[in-house]
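As structure tokens, the structure follows; a few thoughts come after it.
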Amino acid sequence: MAEARTMFIVMRKDLVKVLNWPLGSIVSQGSHAAVAAIHKFREDERVKAYLSDVDNMHKVVLETKNEASLLKVADSLKQQDIPHYLWVEQPENMSTCLATVPVMRSDLGDALKKCSLLR
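Read in order, the letters of the sequence shown are residues -1 to 117 in our numbering.
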């Protein structure tokens, strides 16, 4: 079976555990980041391929500890030349999550190595 393009969404764990955000707000943040990434990079061939088969989309939701660690993940993705969108919630001006363009896992390198599945 061929490797599937996957969109990776990285959420801050402290939004739930420390700041006590409700689940609906957390889901909204990830949704904002995913839609923004698709829109911003809509001309990217990886995005076009992903959108051409909506019945077989793959997403993985990961977690990182806090805002500082999320910004490190964003920097790591930038260093690996992986387009992504860092969602900054307003009016709080707080980075809450990010979403990558749909990529092959093999293209990620170690950009997300410190992230684990969101629990």
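Cβ coordinates follow ideal geometry from the N, Cα and C atoms, glycine included.
Because the structure is a prediction, the values reported are computed rather than measured.
So what's residue i in DSSP terms, helix, strand or just coil?
i: Ala194; result: A query on residue 194 cannot be resolved here, the shown segment of the chain reaching from -1 to 117 and no further.
i: Lys63; result: coil
i: Ser104; result: helix
i: Leu21; result: helix
i: Val16; result: coil
i: Leu115; result: strand
Expressed to the nearest angstrom, what Euclidean distance is found between the alpha-carbon atoms of residue i and residue j?
i: Ala72; j: Leu17; result: 21 Å
i: Val8; j: Gln78; result: 16 Å
i: Asn64; j: Leu75; result: 17 Å
State buried or exposed for residue i, treating a residue as buried only when at least 16 other CB atoms are found within 10 Å of its CB.
i: Gln27; result: buried
i: Leu93; result: It should be pointed out that residue 93 corresponds to Ser in this sequence rather than to Leu. It is buried - the Cβ of Ser93 has at least 16 other Cβ atoms within 10 Å.
i: Pro20; result: exposed
Taking residue i as part of the beta strand (DSSP E), name the residues at either end of that continuous run.
i: Ile7; result: 4 to 10
i: Leu84; result: 82 to 87
Have a look at the options and flag the residue whose alpha-carbon is nearest the alpha-carbon of residue i.
i: Glu61; options: Lys70, Val33, Asn54; result: Lys70
i: Met102; options: Ala47, Glu90, Ala32, Val52; result: Ala47
Considering only heavy atoms of the ligand ZN, does any lie closer than 6 Å to the CB of residue i?
i: Tyr48; result: Looking for the ligand ZN in the displayed structure turns up nothing, as the structure carries no ligands at all.
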